[in-house]
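Q:
Numbering (our numbering), first residue to last: 126 to 352.
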């Protein structure tokens, strides 16, 4: 009890405002990376689903690379490696590098989730759409994707959660997000246990909020599709 009142709680009052500053950076980076991953992931999924010549093979190589190599290596190659080859990369902002790497990495996983969801739609839906004279874009937007969205939401939300957690790697290139602030504060006050416990709570709260959002989105999509 003495530890809580004399050490943990006073330190929490010092650390919480710092982690709140890092929280907004984590949310900002994660939101941009998720937006990028959704757009690119959908494009990759459609390319592979329709077996677009050449692009389909390139998409497979892309997915294989980003799923088969650690994100930390991808980040280091982009932020530390490319500037040694291209001078223009020396002016690349840290936040941009992290957002791009997170987005590109997550897009590989999201594309597989979307592709799997699209292919799970009954083949009769395709035949009925063609019978009614719909073009392929109309068929995808009005018939196939709304049905696939119901199946794709859970894995996509999981990918979003992974982005939030993986954004903590930003501390390796000096970004002061939740983990960056935690690392700096722990080194300053020599309180690693208390610091990382509180940082874990911040990530946990984000995961809980995201879970609530997931349920609401699933409910909205399901009710709209039933209508």
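No residue lacks a Cβ here, since even glycine has one placed at the ideal position from N, Cα and C.
(1) Using CA atoms only, rank isn't needed, just tell me which of 208, 225, 333, 140 is closest to residue 323.
(2) Can you give me the Cβ contacts of residue 317 inside the same chain, cut-off strictly under 7 Å, excluding the 5 residues immediately before and after it?
(3) Taking the alpha helix (DSSP H) that residue 160 belongs to, which residues open and close that run?
(4) I need the straight-line Cα distance from residue 234 to residue 161, nearest angstrom please.
(5) How many Å lie between residue 137 and residue 319 at the Cα?
(6) With a cut-off of 8 Å, do at least 3 Cβ pairs link the segment 238-246 to the segment 266-279?
(7) So for residue 181, helix, strand or coil by DSSP?
(8) Can you check which of these residues, 219, 189, 186, is closest to residue 202 by C-alpha distance?
(9) Under the rule that 16 or more other beta-carbon atoms within 10 Å means buried, what is residue 236, buried or exposed?
(10) Please report the straight-line C-alpha distance between residue 214 and residue 221, rounded to a whole angstrom.
(11) Do residue 288 and residue 158 have their CB atoms nearer than 8 Å?
(12) Is DSSP giving residue 267 helix, strand or coil here?
(13) Whether or not the segment 255-262 and the segment 184-200 are in contact is what I'm after, with contact meaning three or more pairs of Cβ atoms, one per stretch, closer than 8 Å; do they touch?
(14) Unbroken alpha helix (DSSP H) runs of length 4 or more, entirely within the segment 257-339: which are they?
(15) I need the straight-line Cα distance from residue 278 to residue 344, nearest angstrom please.
(16) Helix, strand or coil: how does DSSP classify residue 245 here?
(17) Threshold first: 4 residues or longer. Then list the alpha helix (DSSP H) segments lying entirely within the segment 195-233, N to C.
(18) Just the Cα atoms here: how many angstroms apart are residue 217 and residue 297?
(19) Since residue 290 and residue 328 should fall inside the 8 Å C-beta cutoff, what is the C-beta to C-beta distance between them, to a whole number of angstroms?
(20) If residue 144 and residue 303 are in contact, beta carbons under 8 Å, what's the gap, nearest whole angstrom?
(21) Is residue 300 near the ligand HEM, going by C-beta to nearest heavy atom under 7 Å?
(22) Just to confirm my understanding: we take residue 204, look at its own chain, exclude 5 residues before and 5 after, and list those with CB closer than 6 Å. What are they?
(23) Within 10 angstroms of the Cβ of residue 189, are there 16 or more other Cβ atoms? Answer buried if so, exposed if not.
A: Taking the structure as given:
(1) Ranking the options by Cα distance to residue 323, first place goes to 140.
(2) 311
(3) In the DSSP assignment, residue 160 falls within the unbroken alpha helix (DSSP H) covering 134-174.
(4) A straight line joining the alpha-carbon of residue 234 with that of residue 161 spans about 13 Å.
(5) 8 Å
(6) yes
(7) helix
(8) 219
(9) buried
(10) 11 Å
(11) Their beta carbons are under 8 Å apart, which means residue 288 touches residue 158 by this criterion.
(12) Residue 267: helix per DSSP, three-state reduction.
(13) no
(14) 261-264, 270-291, 303-314
(15) 11 Å
(16) coil
(17) Here the runs fully enclosed are 196-201, 207-210.
(18) 15 Å
(19) Indeed they touch by this definition, with Cβ atoms about 6 Å apart.
(20) 6 Å
(21) Absence of the ligand HEM from the depicted structure is noted, as is the absence of any ligand whatsoever, leaving it without description.
(22) 222, 298
(23) exposed
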